[in-house]
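J.:
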Amino acid sequence: MQQITIERSEPMSGKDSALKPRLKRRSTFEYVAWVVCSLIGIGILISVSTNPNFKWDVVAKYITHETIVRGLMLTIFLTFASMALGTLLGLGLAIMRGSSIKPIAATAGAYITIFRGTPVLVQLIFWFNVSALYPNLTIGIPFTDIGTAVDMNALMAPITAALVGLTLNEAAYMAEIIRGGFSSVGKGQIEAADSLGMSGAMKMRKVIIPQAMPSIIPATGNQVIGMFKGTSLVSVLGVAELLQSAQLIYARTYETIPLLIVASLWYLVMTLLLSYPQSKLEQKYSRATSRLPRKAKKVVLTDPEGIAR
Amino acid sequence: MSTDGTIHARGIRKSFGPKTVLKDINLDIASGEICCIIGPSGSGKSTVLRCINGLETVDSGVLKVNGENFGYYETDTAYHALSPKKLAEQRTKVGMVFQQFNLFPNMTAQENIMAGPVLVKGADKKESAKRAHELLASVGLSGFGDYYPAQLSGGQQQRVAIARSLAMDPEIMLFDEPTSALDPEKVGEVLMVMQDLAKKGMTMVVVTHEMGFAREVADSLIFMDDGYVVERGDAREVLRNPKEPRTQAFLEKVI
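Line by line, the protein sequences are chains A and B. Take the first sequence: its letters are residues 1 to 309, numbered as in this note's numbering. Take the second sequence: its letters are residues 1 to 255, numbered as in this note's numbering.
Listed below in structure tokens is the structure:
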């Protein structure tokens with residue numbers, strides 16, 4: 001029989017074994033990845049900075065050019081206006097979608113299917129050309145002579161068409177986000193509200209919407225960022241937003257690439273600026289931390305004061 | 001409108017799709033009676049309770065709560081569903097306490113209690129706040145008004161939920177396994193509040209697994225199995241001498 005000796009764990013060097021740090025394993029692959037990716041990065045940087053065709057001086061010249069800044073302002077306006085209107089319409093659609101009255105739910109469902117199932121670009125061009133379908137928009141009381149006719153061509157100016165197109169499209173996406181938020185509210189909550197005799201509207205306002213917010217708000221933030229970039233599509237309608245403004249300049253000066261870089265830099269800057277509040281919102285409303293929409297008072301738990309007898 | 005705190009059911013049937021959950025339910029609960037419903041899972045005991053509160057509608061049979069047809073009005077030929085407003089009005093007279101408490105997490109304890117009176121009945125805010133304080137005190141939670149449900153223990157949440165139901169001044173209180181989701185430690189504090197309530201003459205229907213509560217507090221006991229009321233009678237009598245073999249078998253296992 002072999003004798004088993006138990007070695008005492010003597011420290012191998014001066015450091016106490018219990019206090020030695022535990023190091024992460026780094027594979028050869030990791031070192032190779034560092035080298036290769038760094039080389040690629042440096043290569044691109046050198047190429048971009050030394051290739052005269054980028055014309056960085058032109059980029060610098062136009063980045064705060066009046067036309068570009070005005071375009072940027074219009075892009076920001078379009079983003080927030082169509083998001084605000086789209087969210088309102090989306091809320092309406094989400095409520096309709098959840099209705100127990102079949103035709104109302106089906107109408108909302110059909111709207112969402114159509115507007116999510118066709119490209120935004122196609123929708124934008126469609127609204128721009130809608131006067132071909134309905135040359136005159138008549139506002140009035142049906143079956144009477146009272147009313148006024150509006151020339152659709154004049155009404156659907158590029159910027160109106162852009163706003164209408166983006167809003168109607170966004171509404172379909174927001175409707176789905178809001179509906180998802182509604183369905184995240186537990187069945188028990190609705191039953192509790194029902195058992196107190198709350199009406200449908202009251203339930204929506206006081207119980208469902210406040211609790212759905214934590215899942216709706218971060219997703220809406222994402223939509224804002226997406227919408228910001230999405231507005232570039234309205235350039236096809238000749239709306240002088242950021243991209244179209246850049247195009248207007250390079251059509252004249254033929255400095256295509258530098259001006260596209262100018263536009264891209266602005267999109268990037270704005271997206272990064274929007275990402276910060278977005279990530280803050282996400283943290284604030286993350287499920288793990290709390291579902292409280294308002295800041296709860298800091299409380300110190302004490303023993304309940306004598307249970308009722 | 002009658003508000004007498006009675007429940008009367010004859011030949012209640014209820015199916016969920018192909019599954020018939022309630023087959024032939026007959027029960028009479030008098031005003032101020034404390035009735036416990038016991039039985040194995042899936043016997044339909046929770047469904048009975050949910051029908052009395054209108055969370056589920058019955059397929060057929062007579063269901064009178066507080067002396068009036070619940071959720072429907074009767075004509076010579078049929079029962080016609082009431083308007084949501086009328087149904088809500090009937091529901092305010094029947095309080096419901098859920099297994100999972102179902103407090104509104106976006107409101108403080110006090111706001112939860114005030115939600116019914118203020119939002120539904122349009123009561124004065126100050127009066128309701130005062131009432132909420134009294135109700136919190138009556139469930140042993142004075143000073144907890146500003147706490148959010150997430151900051152309260154399960155037992156405390158359930159007591160707030162009871163106070164929330166009481167704030168509507170119901171004639172009948174329904175309890176759907178009110179202590180099943182609680183730590184064993186916290187069961188007592190909720191049962192004590194319920195016992196207190198029972199002494200005040202409230203009609204109470206309690207679906208429970210707490211045989212001790214049934215024995216000490218309940219007037220009558222209903223044993224349900226497979227969609228039928230198998231046995232009913234005086235609570236202590238049924239628990240001591242169950243007549244039906246099915247009741248005997250069940251009680252042998254749980255006590």
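For glycine and all other residues, C-beta sits at the position ideal for the given N, C-alpha and C.
Among residues of its own chain, excluding the 5 on either side of B:G44, which ones have a beta-carbon nearer than 7 Å to its beta-carbon?
T.: Result list for B:G44: V21, L22, M224, G227, in chain order.
J.: On the CB-based measure, 16 or more other CB atoms within 10 Å of its CB, does A:R287 come out buried or exposed?
T.: Reliability of the predicted coordinates at A:R287 is poor, the pLDDT of 47 falling under 50, and the value obtained from them is presented with this limitation in mind. Exposed, because fewer than 16 other Cβ atoms sit within 10 Å of the Cβ of A:R287.
J.: Could you pull out every unbroken beta strand (DSSP E) segment of at least 3 residues lying fully inside the region 207-233 of chain B, listed in chain order?
T.: For the region 207-233 of chain B, whole beta strand (DSSP E) runs of length 3 or above, ordered along the chain, are 220-225.
J.: Given this structure, state the Cα-to-Cα distance separating A:L259 from A:A172, to the nearest angstrom.
T.: Each residue's alpha carbon lies about 33 Å from the other.
J.: Examine chain A for any beta-carbon lying closer than 8 Å to the beta-carbon of B:V120, and answer yes or no.
T.: Answer yes: the Cβ-Cβ gap between B:V120 and chain A drops below 8 Å somewhere.
J.: Is the region 144-164 of chain B touching the region 100-110 of chain B, taking contact as three or more C-beta pairs under 8 Å?
T.: With a cut-off of 8 Å, the region 100-110 of chain B and the region 144-164 of chain B count as touching, because enough Cβ pairs lie within range.
J.: Determine which residues of the region 191-204 of chain A have a Cβ less than 9 Å from any Cβ of chain B, and write them out in chain order.
T.: The region 191-204 of chain A vs chain B, Cβ under 9 Å: E191, A192, A193, D194, S195, L196, G197, M198, S199, G200, M202.
J.: Apply the 10 Å Cβ neighbour rule to A:S279 and answer buried if 16 or more other Cβ atoms are within range, or exposed otherwise.
T.: That one is exposed.
J.: Going by other Cβ atoms of all chains shown within 10 Å of its Cβ, with 16 needed for buried, is A:R97 buried or exposed?
T.: Result: buried.
J.: Can you give the Cα-Cα distance for B:A235 and B:F213, rounded to whole angstroms?
T.: For B:A235 and B:F213, the distance between alpha carbons rounds to 10 Å.
J.: Give me, in chain order, the residues of the same chain whose beta-carbon lies closer than 8 Å to that of A:N136; leave out the 5 immediate sequence neighbours on both sides.
T.: Cβ within range, chain order: A149, V150, D151, M152.
J.: Near B:H80, what residues of its chain come up, given a Cβ to Cβ distance below 7 Å and the 5 sequence neighbours on each side ignored?
T.: These residues qualify, in order along the chain: Y72, Y73.
J.: Check the Cβ of B:T92 against every Cβ in chain A and list those closer than 8 Å, keeping chain order.
T.: By Cβ distance, chain A contributes L196, G197.
J.: Listed in chain order, which residues of the region 42-60 of chain B have Cβ atoms closer than 7 Å to some Cβ of chain A?
T.: Cβ contacts with chain A come from N53, L55.
J.: So if DSSP puts B:E252 in a beta bridge, which residue, or which two residues, is it bridged to?
T.: None, per the DSSP bridge assignment.
J.: Looking only at C-alpha atoms, which of A:A212, A:E176, A:V234, A:V164 sits nearest to A:Q189?
T.: For the residues A:A212, A:E176, A:V234, A:V164, the minimum Cα distance to A:Q189 belongs to A:A212.
J.: For B:T6, does the count of other Cβ atoms within 10 angstroms reach 16, so buried, or fall short, so exposed?
T.: The residue in question, B:T6, is buried, as its Cβ has 16 or more Cβ neighbours within 10 Å.
J.: Is it the case that the region 58-67 of chain B contacts the region 7-15 of chain B, given that we only count it when at least three CB pairs across the two stretches are under 8 Å?
T.: Yes, the region 7-15 of chain B is in contact with the region 58-67 of chain B.
J.: Using the C-alpha atoms, what's the distance from B:L82 back to B:K121?
T.: Taking the straight line joining both Cα atoms gives about 19 Å.
J.: Using 8 Å as the limit for Cβ to Cβ distance, is B:N106 near chain A?
T.: Chain A contact via Cβ: present.
J.: Which first and last residues belong to the alpha helix (DSSP H) in which B:I113 is found?
T.: Its alpha helix (DSSP H) spans residues 109-114.
J.: What does A:T138 pair with, by DSSP beta-bridge criteria?
T.: BP columns for A:T138 point to A:A149.
J.: Taking all protein chains shown into account, decide if A:T167 is buried (16 or more other Cβ within 10 angstroms of its Cβ) or exposed.
T.: That one is buried.
J.: Quick check on this structure: which residue in A:V262, A:N222, A:T118, A:A246 has the alpha carbon closest to the alpha carbon of A:L273?
T.: Among A:V262, A:N222, A:T118, A:A246, the Cα nearest to that of A:L273 belongs to A:N222.
J.: Let me check understanding here. Comparing Cα to Cα, which of A:L121, A:A192, A:E282 lies closest to A:E170?
T.: A:E170 has its Cα closest to that of A:L121, out of A:L121, A:A192, A:E282.
J.: Residues of chain B with a CB under 7 Å from the CB of A:Q189: which are they?
T.: Per Cβ cutoff of 7 Å: N102, F104.
J.: Do the CB positions of A:F182 and A:I208 come within less than 8 Å of each other?
T.: Cβ distance < 8 Å, so A:F182 and A:I208 count as in contact.
J.: Between the Cα of A:D194 and the Cα atoms of B:T75, B:F104, B:F16, which residue gives the shortest distance?
T.: Checked all of B:T75, B:F104, B:F16; the closest Cα to A:D194 is B:F104.
J.: Taking Cβ-Cβ distances below 9 Å as the criterion, which residues of the region 78-91 of chain B are in contact with chain A?
T.: Those residues of the region 78-91 of chain B that come within reach of chain A (Cβ to Cβ, closer than 9 Å) are P84, K85, L87, A88, E89, Q90, R91.
J.: Taking C-beta pairs closer than 9 Å, name the residues in chain A that B:F98 reaches, listed in chain order.
T.: Simply G188, E191, A192, S195.
J.: Is B:K253 closer than 8 Å to B:P264 when the C-beta atoms are compared?
T.: Limits of chain B in this structure are 1 at one end and 255 at the other, which puts residue 264 of chain B out of reach.
J.: Okay, do the region 89-103 of chain A and the region 264-272 of chain A touch, 3+ Cβ pairs below 8 Å being the bar?
T.: The region 89-103 of chain A vs the region 264-272 of chain A: no contact.
J.: Between which two residues does the beta strand (DSSP E) carrying B:D176 extend?
T.: That run of the beta strand (DSSP E) goes 172-176.
J.: Could you compute how far the alpha carbon of B:P40 sits from the alpha carbon of B:P242?
T.: When rounded, the distance between both Cα atoms is 16 Å.
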